[in-house]
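*Asks:* So the protein sequences, as listed, match chains R and A.
Following numbering that gives the first Met the number 0, the numbering of the first sequence begins with 0 at its first residue and continues without gaps.
Following numbering that gives the first Met the number 0, the numbering of the second sequence begins with 0 at its first residue and continues without gaps.
Pasting a structure here, questions to come.
There are 2 protein chains.
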Amino acid sequence: MKTAIVFGGSSYEHEISIVSAVTLKKVLASFPLSFVFIDASRDFYLIDAENMTSKYFSSGAYKKAKKLTLNNKGFVIDGLFKPKPLDVDVVLNLVHGRDGEDGKIASLLDFYGVDYIGPRSEASVLSYNKLYTKWFARSIGVETLPYEHITKANRNVATDFPLIVKPARLGSSIGVSVVHNAQELDYALDVAFEFDTDVIIEPFIDGIKEYNLAGCKADEWIFSVIEEPGKESFLDFEKKYMDFSRDAQVMQADIDETTAQTLREAFKKIYDPLFCGALIRCDFFVYDGTVYLNEINPIPGSMANYLFDDFPHILSRLARHLPKEHRITVDYRYIHSIQSAKGKA
Amino acid sequence: MKTAIVFGGSSYEHEISIVSAVTLKKVLASFPLSFVFIDASRDFYLIDAENMTSKYFSSGAYKKAKKLTLNNKGFVIDGLFKPKPLDVDVVLNLVHGRDGEDGKIASLLDFYGVDYIGPRSEASVLSYNKLYTKWFARSIGVETLPYEHITKANRNVATDFPLIVKPARLGSSIGVSVVHNAQELDYALDVAFEFDTDVIIEPFIDGIKEYNLAGCKADEWIFSVIEEPGKESFLDFEKKYMDFSRDAQVMQADIDETTAQTLREAFKKIYDPLFCGALIRCDFFVYDGTVYLNEINPIPGSMANYLFDDFPHILSRLARHLPKEHRITVDYRYIHSIQSAKGKA
């Protein structure tokens, strides 16, 4: 399956997207792969496989690579003479954070009719904004922790300490703080508002169980093992960064089958139909026997490959079951009928 | 203000977008205007002003116009030699329905850093899907009519007759039916599911008052007059089509100042900050003293120009107060620090 991995972007997670892409080059070695890099200025570059090292990007050496244009022939290699379309079966959207997970790249690919693995625009907008994720979860009957929505104009927080402060729209723990008192809260809000105009406050429940489950719907439901992530209160950005280069397979968490089944049922409600076409990871809490959705990662780090048995095979199956756009025929029926009413036809 | 009007698109409202654009050519005659047409295949064409007639598009004559590419230089006129960027200060997104109102064009323009008047991606997704509009309205304390969300898998409707059936994602009354009995309901659902996978059912309240209010936030709040639309139960597509060519100014509805003020307050809650950058029209119901949001038109037909006193001036003011993207600097700090930890720097 000729796959173009699109990575980078104008995002706080630009660098971890590079790490994800380098990791997937290894994991998907059996595929004919192309690498499409989006730099911070949103230019597209076609990267040779042998240049897929983080230094090639951090040094700026990538600027000598061939440039691409995206149009309704797909990615096209710019050239003085005849531009040449990049020969791919499917695009894998691996841009974490802004551009990739907020729906921009999805919209570009949808607009130009390019087949891709990744969340569609509605799914992106609902999962990128944690406030909207709460609304969505409620609508499908999946629990989330109680929350407050805080803006710069209204910094009054009613939640008891300890609590967690999260910018509404970022991933990878950027701008997130666990807060134990009023002084910490003030600082944590300042930090969060550096990144976003909207902030979510949730209770911080020490010792809450956390479980991650990835999957997708292809010819049938495909679920990963359920992972219990590390016991630290939460991963800071640098630890998450290392996390994005994971490729060693994980063992199933020590979890009873009833809870596991409850997690998979919640995953199905979240995924279908909104996330069709994507391979997502849902991070859940379990507390007092209740399952809560913490967050939806519609483009998880290194595609959560380490949670699956035969990741390349799963990606191929998903690529054969991508949502198709509803075809709209424009036949100018109304204009014709109005013209003939006016005697102009 | 050099303005490029973008219109057409792969949308059921492609034709009414042409009508809107032809109308705005007249209304904005004082501006230097360019016309960017998106055909049903999503090719961009630069249309000469003298060719801005509906027949030019319905006959296919537009195919001889110059083609454009959108990239991070904006709209660029394709040419055998040096491609030439289109010289504009601002783009006006006038694509009604899919592509324009679902966030695709917004994403393209945001991605490439083009200044535009129109709803941003989040605003588009929340207003394009009537179900999400309900969630959003609830979150800001604006009432909407009670509703049921119906899918093909679950066609059980509990709402009493008469009721109204609406595809969740379309505008301009496409696929909408008023239904008086079970037999009509079955047919109406079939029609609605032709257009969408999700359908909204609301009670149809005969004689409910309907008021439309347009506006935007520029240097200050700008509100249109409040219009009471025609008394027909609802406008069908052909009537709406004619409606999109309106340019004669409307009189304020016969409405008491308290209700008018309540409508403007609801408008403010809806608009700010989600719709900043757009000029929108909100359609409200008033029943038994309560104001209900019916729908948000983030790109109203002919931009609701007929509701304003000096429309070109208002558009110029809005163009000077467009939201700016948060700048993200990619400095490769993490990659550098990991490289130096590995002794590679």
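Every residue gets a Cβ at the ideal spot worked out from N, C-alpha and C, and that includes glycine.
(1) For the beta strand (DSSP E) that R/T2 lies in, which residues bound it at each end?
(2) So, A/S123 versus A/A105, is the Cβ gap smaller than 9 Å?
(3) What does A/S223 pair with, by DSSP beta-bridge criteria?
(4) Would you say A/N128 lies against chain R (beta-carbon separation less than 9 Å)?
(5) In angstroms, rounded to a whole number, what distance separates the CA positions of A/F307 and A/V21?
(6) Between which two residues does the alpha helix (DSSP H) harbouring R/A217 extend?
(7) Between the alpha carbons of A/G149 and A/K72, how many angstroms are there, rounded?
(8) In whole angstroms, give me the CA-to-CA distance for R/D189 and R/D114.
(9) Give, in chain order, every unbroken run of the alpha helix (DSSP H) that is at least 4 residues long and sits entirely within the segment 101-151 of chain R.
(10) For R/V285, which residues from the same chain have a beta carbon less than 7 Å from its beta carbon, with the 5 sequence-adjacent residues on both sides left out?
(11) Starting from the beta carbon of R/R97, find every residue of chain A whose beta carbon is closer than 8 Å, and list them in chain order.
(12) In terms of alpha-carbon separation, which member of R/K63, R/E100, R/G112, R/G102 lies closest to R/V87?
(13) Return the CA-CA distance between A/L345 and A/G102, expressed in angstroms with no decimal places.
(14) For R/S232, which residues from the same chain have a beta carbon less than 6 Å from its beta carbon, with the 5 sequence-adjacent residues on both sides left out?
(15) If you reduce the DSSP assignment to three classes, tell me which class R/K341 lands in.
(16) In three-state DSSP terms, what is A/P166?
(17) Rounded to whole angstroms, what is the Cα-Cα separation between R/Y146 and A/R332?
(18) For A/G59, which option in A/A318, A/A28, A/A3, A/I46 has the closest C-alpha, if you only look at C-alpha atoms?
(19) May I ask you to report which of helix, strand or coil DSSP gives A/P311?
(20) For A/K268, tell me which candidate among A/I139, A/Q251, A/D159 has the shortest Cα-Cα distance.
(21) Cβ of R/D246 less than 9 Å from any chain A Cβ?
(22) Which residues in the same chain as A/E201 place their Cβ atom closer than 6 Å to its Cβ, once the five residues preceding and following it in sequence are excluded?
(23) If you draw a straight line from the C-alpha of A/S390 to the C-alpha of R/I337, how long is it?
(24) Buried or exposed: where does R/R326 fall if 16 or more other Cβ atoms within 10 Å of its Cβ makes it buried?
(25) Closer than 9 Å, CB to CB, is A/W134 near chain R or not?
(26) If we ignore side chains and look at the alpha-carbon of each, how far apart do R/S172 and R/K165 end up?
(27) Which residues mark the beginning and the end of the beta strand (DSSP E) in which A/S40 is found?
(28) State yes or no: is the beta carbon of A/I337 nearer than 9 Å to at least one beta carbon in chain R?
(29) So what's A/L45 in DSSP terms, helix, strand or just coil?
(30) Give me the chain A residues within the contact set of R/D109, using Cβ-Cβ distance strictly less than 7 Å, ordered along the chain.
(31) Thinking C-beta only, is R/T2 closer than 9 Å to R/L27?
(32) Taking all protein chains shown into account, do 16 or more other C-beta atoms lie within 10 angstroms of the C-beta of A/G288, making it buried, or fewer, making it exposed?
(33) Give me the Cα-Cα distance between A/L169 and A/F283, rounded to the nearest whole angstrom.
(34) Specify, as a first and last residue, the run of the beta strand (DSSP E) that R/K65 falls within.
(35) Does A/E219 pass the burial test, meaning 16 or more other C-beta atoms within 10 Å, or should it be called exposed?
(36) Within a Cβ cutoff of 8 Å, which residues of the same chain sit near A/H179, ignoring the five residues on either side of it in sequence?
*Replies:* Concretely, from the data shown:
(1) 2-7
(2) yes
(3) Answer by DSSP bridge pairing: none, since A/S223 is not bridged.
(4) yes
(5) 18 Å
(6) First-last for R/A217: undefined, no H or E at that position.
(7) For the sequence presented, residue 149 of chain A should be read as Ile rather than Gly. Those two C-alpha atoms are separated by around 44 Å.
(8) 41 Å
(9) 103-110, 120-127, 129-138
(10) K208, Y210, T258
(11) I327
(12) R/G112
(13) Shown here, chain A extends from 0 to 344; a query on residue 345 of chain A therefore has no answer.
(14) Annotation note: pLDDT 44 at R/S232 (below 50); position unreliable, coordinate value reported separately. Around R/S232: V177.
(15) coil
(16) strand
(17) 33 Å
(18) A/I46
(19) helix
(20) A/I139
(21) no
(22) L144, Y146, I163
(23) Residue 390 of chain A lies beyond the range of chain A shown here (0 to 344); nothing can be said about it.
(24) exposed
(25) yes
(26) 8 Å
(27) Where A/S40 is concerned, there is no enclosing beta strand (DSSP E), given that its DSSP letter is neither H nor E.
(28) yes
(29) strand
(30) K103
(31) yes
(32) exposed
(33) 18 Å
(34) 65-70
(35) exposed
(36) F160, P161
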